[in-house]
Amino acid sequence: MSVRSHTHKERQSLAWRLHIDIPLLLCLLIVIGFGLMVLYSAGGKSEALMYRQVTRLGMGFVVLFVMAQLPPRFYEKWAPALYTAGILLLFAVLLFGDKGKGAQRWLELGSFRFQPSEMMKLAVPLMVAWFFSQRVLPSKKRELLIAAVIVFVPTLLILMQPDLGTSLLIASSGIFAIYLSGVSWKLIFSFGIAGIVYAPVHWFFVMREYQRERVLVYLDPERDPLGSGYHIIQSKIAIGSGGTSGKGWLEGTQSQLEFLPERSTDFIFAVLGEEFGLVGVILLLVMYLLVIARGMYIGMQAQETFSRLLSGAIVLTFFIYLFVNIGMVTGLLPVVGLPLPLVSYGGTSMVTLMAGFGMLMSIHTHRKLVSN
Amino acid sequence: MKNQFKEIAIYRNRMMVSLVFVVSLMILLIAWVAELQVSQYEKYRTESDNNRIRVLPVAPTRGLIYDRNGIILAENRSVYSLELVPEQIKDIDQTIDELAKILAIDADDRERFYKELQRTRERFKKIPIKSKIDEKEVAVFSVNRHRFPGVSVEARLVRFYPYGEVLVHALGYVGRINDRELQTIDAQNYRATRHIGKVGIEKFYETELHGVIGSQRVESDVQGRVLDVLEQQDPVAGVDLHLELDLPLQLAAFNALKGQRGAVVAIDPKTGGVLALVSTPGYDPNLFVTGISSKDYKALLNEDRPLFNRALRGQYSPGSTIKPHIAWLGLESKTISPNYSIDDNGVYFLPNDEKRRYRDWKKWGHGKNISYRRAIIESCDTFFYDLAYKLGIDRISDTMKQFGFGSLTQIDMGEEVPGLMPSREWKQGARRVHWFPGETVITGIGQGYWLATPLQIANAAAVIANNGVRYQLHVVGAIGSSGERRLVAPSLAELQVDIGDGEHFKRIQNAMKEVNHNRVIGTARSAFADAPYLSAGKTGTVQLFGLGEDEEYEAENLAERLRDNALYIGYAPFDDPTIAVAVVVENAGGGGSNAAPIARKVIDQYLLNSTTENDKP
Chain R
1 MSVRSHTHKE
11 RQSLAWRLHI
21 DIPLLLCLLI
31 VIGFGLMVLY
41 SAGGKSEALM
51 YRQVTRLGMG
61 FVVLFVMAQL
71 PPRFYEKWAP
81 ALYTAGILLL
91 FAVLLFGDKG
101 KGAQRWLELG
111 SFRFQPSEMM
121 KLAVPLMVAW
131 FFSQRVLPSK
141 KRELLIAAVI
151 VFVPTLLILM
161 QPDLGTSLLI
171 ASSGIFAIYL
181 SGVSWKLIFS
191 FGIAGIVYAP
201 VHWFFVMREY
211 QRERVLVYLD
221 PERDPLGSGY
231 HIIQSKIAIG
241 SGGTSGKGWL
251 EGTQSQLEFL
261 PERSTDFIFA
271 VLGEEFGLVG
281 VILLLVMYLL
291 VIARGMYIGM
301 QAQETFSRLL
311 SGAIVLTFFI
321 YLFVNIGMVT
331 GLLPVVGLPL
341 PLVSYGGTSM
351 VTLMAGFGML
361 MSIHTHRKLV
371 SN
Chain L
1001 MKNQFKEIAI
1011 YRNRMMVSLV
1021 FVVSLMILLI
1031 AWVAELQVSQ
1041 YEKYRTESDN
1051 NRIRVLPVAP
1061 TRGLIYDRNG
1071 IILAENRSVY
1081 SLELVPEQIK
1091 DIDQTIDELA
1101 KILAIDADDR
1111 ERFYKELQRT
1121 RERFKKIPIK
1131 SKIDEKEVAV
1141 FSVNRHRFPG
1151 VSVEARLVRF
1161 YPYGEVLVHA
1171 LGYVGRINDR
1181 ELQTIDAQNY
1191 RATRHIGKVG
1201 IEKFYETELH
1211 GVIGSQRVES
1221 DVQGRVLDVL
1231 EQQDPVAGVD
1241 LHLELDLPLQ
1251 LAAFNALKGQ
1261 RGAVVAIDPK
1271 TGGVLALVST
1281 PGYDPNLFVT
1291 GISSKDYKAL
1301 LNEDRPLFNR
1311 ALRGQYSPGS
1321 TIKPHIAWLG
1331 LESKTISPNY
1341 SIDDNGVYFL
1351 PNDEKRRYRD
1361 WKKWGHGKNI
1371 SYRRAIIESC
1381 DTFFYDLAYK
1391 LGIDRISDTM
1401 KQFGFGSLTQ
1411 IDMGEEVPGL
1421 MPSREWKQGA
1431 RRVHWFPGET
1441 VITGIGQGYW
1451 LATPLQIANA
1461 AAVIANNGVR
1471 YQLHVVGAIG
1481 SSGERRLVAP
1491 SLAELQVDIG
1501 DGEHFKRIQN
1511 AMKEVNHNRV
1521 IGTARSAFAD
1531 APYLSAGKTG
1541 TVQLFGLGED
1551 EEYEAENLAE
1561 RLRDNALYIG
1571 YAPFDDPTIA
1581 VAVVVENAGG
1591 GGSNAAPIAR
1601 KVIDQYLLNS
1611 TTENDKP
């Protein structure tokens, strides 16, 4: 059985004792290394920017390392408390939050700025995994309803900030956990149809004007060529003009001459597309696929319901993350403000991502040996 | 109870489905990116190039203007101008308001800016808000520059006329291209050009002076900053003009005339080249180059009409300056013989009309036995009343036209007016009235309907100096840089007044010599006393105020504007003329004492190179 794949020798290794999963770490480092290269070009060879990014990555790895040390049982135990605290903080944000860029996302705690929605990216899958781990799977409908409530309360609270991108990620992390718990396909399709029916309601009653505008411009970027459509037009020009092999590192005219906006943050994929071409794009996606594959492998190796659901949710959300970003930058999806994971400059999101990967490593390296 | 095996089985199944889902979506992304990068590559490549590559027009340098000695009369100077790139400025009005707090920006500047802003179609084009700022203003702006993104100080070559008002009526000037000119110019060739010749030779030779636009293919960033020149096609600079004009002579003429209203035109009779062309008062053409303020412009719209080019557009009765021409016609046509004389008691009557008196300017007349010679030297009116009547208007009109009266000289300056050489047909056509004999009489002394520009009067003098040969008048002698100069002066001797054996022409030339040098009766004798050269001339005094038949002209009692115009024509040296001059001074009084001395100064300068202390502008 695969649970026995880890030999005694392996368990003796330094990495194992430090709770580091070398294959996952290597995959992450490859993506990050490639990402830093792209960022160096996108940031106009700014050393200060590189320094800040590397510092942040360093912090991320520290968080990853710490998270890896904590056993899955610890997460399971604290999941409800973390989730409850997160919900309370989200309410606090809506009531007292600091307005940045017209949306309330930040909470000031003394001199410390805190974004509870980032915390929820992990708290929601933790909570859903905890919820199902207490029950016999597949769940009954009443339990599924409770799980749905667990997911949608924070999703709505974040949507109200408003932060479409994050709420989308949180919803998908919860939904993936529910999906992996073995909810019947019939139910999944019913919800799918319900979603399609609900979409117009959402459009007219929930979405903010600027969000609707984003969708409209997505459907027709020429609608606002100098405003929000400008991003998409310029990023498509950047990617398209890269051709098969790209214009070369540091040679992308769209990015180097600053025609491409937000090139070191949300639109960094366009810089990659322009300078490295289709070859670079495929390379990046393959690297991402390796990260995802390793994550899935870890999930399949997991021994408890909680660990399985949590790792699966983290990995699939990571995919949604990159898919939404690339889809947006290439004009396939509407503009949703999400960075390209592990590559885009900055953000607390980097730390959250690393924490997630830390949990994956924890799950993998805290397994008990199961005897035949 | 939890069924671990069933749970794991479901989980693995779901994970495999997810993997398929992930891989398919990744393939979808790759397919979509391949669509952009492979199928639509050409389209996006072009759009990317359109973003980064711009073709910038490069203005040619305007040709310079030199006098005959190689002295520069119109040059290009580097001038600082404060310019805005509208695309880079969020609130243009506010930016201008802020600029106005540190620099003087008036309503005119704003108006010009908005006008240009409206018609500009080029991306990132710099539009001047203040086209001339001094070093101090540059310094003030530089300190505050960070507050004004999209605003910059540019050094541009701008026309400068070092001699200002001295040459303005000879050269004309350039100014900012206006809407009307935009309709007529070759827009492509003028894309980078801001100034165009407005009047004078600057306008007449606009095509030559302007040159041909160049271009640069540049790579620029999103702010329009030029990062690299990919390809350059140099502009072809405008060609230089080399004038026949003599700057020291022009200065002498200007200084001699300064303070009065009038014109001086000096011509080289052997080529038709204009040596000096002065109209006073003048004005500073440099004011017009960068855009004149409405205050300065209003100041120029005064009674003395400084903007009016009297040399080319002033239409004056030529008065007695045409008496030599009439006398020659009388002799040449054998209407009178050289011995013919009259007795002048100061009044002339037409035959069969005892009522209308034609008075001589000398109340009691010039005395007995007045021949053509004395009539010219003393400027006897009565003799010419009689002669004109004998000649008849048709002959006078036809012959005077040969001297260039009544038609454009076609000088290469534009602007000129044709004046008027009256004739029977003209009067019938224009006034629908028959020609009266009395009108012929006063035509004989260059008055009545007869109007001529100072340029025409000078030209007619040059024809006498040159024994009847009339050359095409021109200011520009050659164009091109020193290496490849080419003459543009038109072919010589286009027109020839038929002077027969030249006997009679000699006669009137000699009479004109005595006007200047006869110490007893020459009307210009005091002006040319002690001249170290021989010369010829003729004075003219033109009455502007119609006196009653028995009234007397008393200058003191007349309003200044009604006083006589003083005229003079002359040429020198007498035996081999190199300069012919016409002087017209408005409301100055007698030509002998007011116009001839100016001509003397001009001729002295040209022949003797004497520079007086006032020769600086």
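Chains R and L supply the protein sequences, listed in that same order. According to the working numbering, the first sequence holds residues 1 to 372 in order. According to the working numbering, the second sequence holds residues 1001 to 1617 in order. The beta carbon of each residue, even a glycine, is placed where N, CA and C say it ideally should be. Predicted, not measured: the structure shown is a model, and the values here were computed from it.
| Asked | Found |
| --- | --- |
| Among residues of its own chain, excluding the 5 on either side of alanine 1388/L, which ones have a beta-carbon nearer than 7 Å to its beta-carbon? | Ile1326, Ile1396, Thr1440, Val1441, Thr1443 and Gly1444 |
| Taking Cβ positions only, does glutamate 258/R come closer than 8 Å to chain L? | yes |
| Quick check: what's the CA-CA separation for tyrosine 1161/L versus tyrosine 1190/L? | 22 Å |
| Using the three-state DSSP reduction, which class does histidine 19/R fall into: helix, strand or coil? | coil |
| Measuring only between beta-carbons, confirm whether leucine 1230/L sits less than 8 Å from chain R. | no |
| Residues of chain A with CB closer than 8 Å to the CB of alanine 1034/L, please, in chain order. | No chain A appears in this structure, whose protein chains are R and L. |
| In terms of residues, what are the limits of the beta strand (DSSP E) holding arginine 1359/L? | 1353-1359 |
| Can you check which of these residues, Arg1012/L, Gln1216/L, Val1236/L and Arg1156/L, is closest to valine 1055/L by C-alpha distance? | Gln1216/L |
| Helix, strand or coil: which one does DSSP assign to proline 1057/L? | strand |
| Can you give the Cα-Cα distance for phenylalanine 131/R and alanine 68/R, rounded to whole angstroms? | 22 Å |
| Just how far apart, CA to CA, sit leucine 57/R and valine 351/R? | 8 Å |
| Could you compute how far the alpha carbon of glutamate 1613/L sits from the alpha carbon of asparagine 1255/L? | Residue confidence is low: glutamate 1613/L scores 44 on pLDDT, short of 50, so the model does not pin down where it sits. No coordinate-derived value is stated. |
| Does DSSP put valine 66/R in a helix, in a strand, or in coil? | helix |
| Taking Cβ positions, are leucine 90/R and methionine 120/R nearer each other than 8 Å? | yes |
| Please identify the residue among Arg1561/L, Ser1078/L, Arg1077/L and Asp1093/L whose C-alpha is closest to the C-alpha of leucine 1084/L. | Asp1093/L |
| Measure the CB-CB distance between arginine 1563/L and glycine 1589/L and report whether it falls below 8 Å. | yes |
| Which one of Arg1062/L, Glu1087/L, Lys1126/L and Thr1184/L has the shortest CA to CA distance from valine 1174/L? | Arg1062/L |
| Tell me whether arginine 1176/L sits in a helix, a strand or coil according to DSSP, three-state version. | strand |
| Beta strand (DSSP E) containing serine 1623/L: first to last residue? | Coverage of chain L is limited to positions 1001 through 1617, which leaves residue 1623/L absent and any answer about it impossible. |
| Hey, is proline 225/R's beta-carbon within less than 8 Å of any beta-carbon in chain L? | no |
| Establish whether the CB of glutamine 1037/L and some CB of chain R are separated by less than 8 Å. | yes |
| Measuring only the C-alpha atoms, how far is glycine 1346/L from serine 1371/L? | 15 Å |
| Does the distance from the C-beta atom of tyrosine 1340/L to that of alanine 1461/L stay below 8 Å? | no |
| On the DSSP bridge list, what partners appear for glycine 1164/L? | For glycine 1164/L, which the question treats as bridged, DSSP gives no partner whatsoever. |
| Please identify, using Cβ separations under 9 Å, the residues of the stretch 1095-1111 of chain L that lie next to chain R, in order along the chain. | none |
| Between which residues of its own chain and tyrosine 1258/L is the CB-CB distance below 7 Å, once the five residues before and five after are set aside? | Residue identity differs from the one stated: residue 1258/L is lysine in this sequence, not tyrosine. Counting only Cβ-Cβ distances below 7 Å, and skipping sequence neighbours, we find Thr1280. |
| Against tyrosine 179/R, what residues of chain L qualify as contacts under a CB-to-CB distance less than 7 Å, listed in chain order? | Arg1014 |
| Exposed or buried, what is tyrosine 1013/L when buried is set at 16 or more other beta-carbons lying within 10 Å of its beta-carbon? | The question names tyrosine, yet the displayed sequence has asparagine at residue 1013/L. Asparagine 1013/L is exposed by the Cβ-count criterion. |
| Applying a beta-carbon distance threshold of less than 7 Å, which residues of chain L neighbour valine 244/R? | Note that residue 244/R is threonine in the sequence shown here, rather than valine. Within 7 Å Cβ-Cβ: Gln1037 and Val1038. |
| With 8 Å as the threshold, decide whether the Cβ of tyrosine 1044/L is near any Cβ in chain R. | yes |
| Please list the residues of the stretch 288-322 of chain R that have a C-beta atom closer than 7 Å to any C-beta atom in chain L, keeping them in chain order. | Leu289, Ile292, Met296, Gly299, Met300, Thr305, Arg308, Gly312, Leu316 and Phe319 |
| What does the Cβ neighbour count give for serine 13/R, buried or exposed, with the cut at 16 atoms within 10 Å? | exposed |
| Using a Cβ-Cβ distance under 8 Å, would serine 241/R count as near chain L? | yes |
| With distance defined between alpha-carbon atoms, name the residue in Glu1007/L, Phe1005/L and Leu1025/L nearest to leucine 332/R. | Leu1025/L |
| What is the rounded straight-line gap between the Cα of phenylalanine 1124/L and the Cα of glycine 280/R? | 35 Å |
| Since leucine 1277/L contacts arginine 1068/L with CB under 8 Å, what's their CB separation in whole angstroms? | Leucine 1277/L to arginine 1068/L, Cβ: 13 Å. No contact. |
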